Amino acid sequence: MTTNAALSGLGDNPSRKEILRHWEPENAAFWERYGKRIANQNLAVSTWALVLSFVVWTLWATIAAKLNTVGFHFSDEQIFTLAALPGLVGATGRLFYTYLPGLLGGKTSTLITTALLLLPIIGLGNALQDTTTSYDTFVLLVAFIGIAGANFSASMANIGFFFPKANKGLALGINAGVGNLGVSLIYLTAPLLLGWNLSSVFGDGLLNAHGDMVYLQNVCYFWAVPTVITLALIALFMDNLPLPKQSPKSILAIFGNKHTWLMCWIYTCGFGSFIGFSAALGLLVAKEFPDVSFSMAAFLGPFIGAGVRPLGGWLADKMGSGSRVTLLSLFLMLGASLVTLMGIQTHNFMLFFGSFLVLFLTTGFINGASFRMIPYIFNNPFHASLVTGFTAAIAAYGAFLIPKIFGWAYASFQSVAPAFYILIGFTLITIVITWYFYDRKSSGLNC
């Protein structure tokens with residue numbers, strides 16, 4: 001055994017519990033001999049659990065636009081409100097889930113939060129088979145779906161502790177980026193599930209206006225099986241890493257630091273846009289381009305945004321400047337937003353959809369790069385973890401706010417343009433914040 005490894009207090013053949021008890025990822029010898037394998041194993045299972053959480057969190061977005069075509073009778077404002085509710089609950093839940101790994105351990109918290117997903121997907125599957133189900137009932141069930149969105153903060157707060165600082169950008173990017181692919185996965189599978197006759201297993205479908213059978217409940221029931229399998233993987237392959245205990249005063253200290261709130265703003269522009277656009281895109285296309293068959297292409301935007309997120313973290317690691325990657329991506333986001341609005345106003349679907357894909361691309365780079373900034377701004381690893389979870393919670397309100405802003409614009413102005421004016425203004429402010437506080441002095445912050 002090397003001298004550095006011996007310093008960790010481990011014997012020649014330590015057990016897994018002993019390794020976890022003496023976790024030293026910054027010790028290069030420890031990391032190579034013991035830490036890397038365990039960390040990567042936890043990352044793999046955590047990432048898949050997060051994929052599943054994003055599937056459940058956004059599955060309602062694939063169903064909402066179909067409700068009135070099969071016999072339900074809800075107004076546009078009610079439909080957009082239902083689409084926004086999972087975002088509201090998920091974002092609020094993240095404020096609490098951030099602390100679960102520290103209280104229960106990463107493995108235990110992941111096991112519990114994943115098991116809870118079974119309740120809303122089974123309940124919603126039942127409700128979707130009956131067109132007399134009331135709007136209030138859907139409000140409760142769809143809101144319950146939102147707990148899936150809270151899992152992100154617990155997952156990110158946990159997985160960062162497994163890796164040395166030099167690898168955190170990529171590790172967090174993989175966990176979050178691949179996890180975000182759950183949004184794309186549900187958009188890709190939902191059209192198939194909606195038309196798949198599994199009545200012998202999941203119940204009868206409902207007739208739409210064209211006389212075709214639609215099986216809304218399939219989108220919910222189908223994902224119960226992977227959820228059960230995931231619970232077994234968590235139990236077998238994840239670990240409760242001993243996390244540092246902090247006093248309430250130490251925890252509250254992050255709220256007095258201006259960088260906590262500045263990073264919340266920046267990450268909201270990235271992830272808030274990603275998840276908000278994912279929740280609202282199908283409804284937006286149905287409203288602006290009703291003649292376009294969009295269901296099989298809806299997965300592309302979330303797929304691109306989630307897929308490049310690890311690349312954003314990797315680029316930030318390589319450039320030594322998460323702020324520079326974030327700033328350049330924000331400028332591209334601003335341009336894409338303007339072109340997207342132009343596509344809507346000229347009723348040019350290809351211009352609209354192409355620029356919207358660029359919007360998703362920029363969110364991925366911003367998300368990966370901005371999370372890389374946090375461990376360098378906050379030297380205390382525990383505070384960095386808490387800020388990571390807290391910014392993820394605040395940004396998740398984008399899943400609520402963007403559909404609501406779209407619904408408000410349609411209800412008040414019969415046009416979605418005012419909503420885009422608000423989003424463009426938000427992007428401009430984020431550009432100023434990123435440049436002034438971080439990019440112009442990034443060498444000093446090393447962020």
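When you line the sequence shown up against UniProt numbering, it's residues 1 to 447, in that order.
In this text, a Cβ means the ideal position worked out from N, Cα and C, and glycines have one as well.
Small disclaimer: the values here were computed from a predicted structure and weren't measured.
The alpha carbon of F202 has as its nearest neighbour, out of G71, Q129 and E24, the alpha carbon of Q129. The beta carbon of L117 sits closer than 6 Å to those of V56, A148 and T227, all from its chain and outside the five residues before and after it, given in chain order. Taking every protein chain shown into account, the CB of G211 has fewer than 16 other CB atoms within 10 angstroms, so this residue is exposed.
For M238, the three-state secondary structure derived from DSSP is coil. Distance from the CA atom of W261 to the CA atom of L401, rounded to whole angstroms, is 18 Å.
DSSP, read as helix, strand or coil, puts L103 in helix. Taking a 10 Å sphere around the C-beta of E24, we find 16 or more other C-beta atoms and assign the residue as buried. Judged by pairs of C-beta atoms under 8 Å, the region 357-376 touches the region 161-177, as three or more such pairs exist. Within 10 angstroms of the beta-carbon of A279 lie 16 or more other beta-carbons, which makes it buried. Secondary structure at L206: strand, using DSSP grouped into helix, strand and coil. For H383, the number of other beta carbons within 10 angstroms of its own is at least 16, and it is reported as buried.
Taking 9 Å as the cut-off, the Cβ atoms of A65 and L283 count as close. Counting along the chain, the unbroken alpha helix (DSSP H) around G149 starts and ends at I147 to I159. Excluding the 5 residues flanking it on each side, V308 has same chain C-beta neighbours closer than 8 Å at G177, L361, G364, F365 and G368, in chain order. Between S53 and N379, the alpha-carbon positions lie close to 30 Å from each other. I234 and A49 do touch by the CB rule: their CB atoms are close to 6 Å apart, below 8 Å.
The alpha helix (DSSP H) runs of length 4 or more contained entirely in the region 302-345 are, from start to end of the chain, 309-319 and 322-345. With respect to the 9 Å criterion, G87 and Y397 are classified as neighbours on the basis of their beta carbons. For the pair V285 and F294, the Cα-to-Cα distance works out to about 8 Å. Beta-carbon to beta-carbon, S323 and Y438 are separated by about 4 Å, close enough to satisfy the 8 Å threshold. The criterion of a C-beta distance shorter than 9 Å is not satisfied by Y410 and D136. Under the three-state reduction of DSSP, V292 is assigned to coil, being neither helix nor strand.
Sequence-distant Cβ neighbours of W196 in its own chain, meaning closer than 7 Å and more than five residues away, are Y215 and N218. Under DSSP, V214 shares a beta bridge with L206. Q414 carries a coil assignment under DSSP once its states are collapsed to helix, strand and coil. Contact check for S329 against G312 passes: the beta carbons are separated by less than 9 Å. DSSP places A127 in the uninterrupted alpha helix (DSSP H) bounded by L118 to A127.
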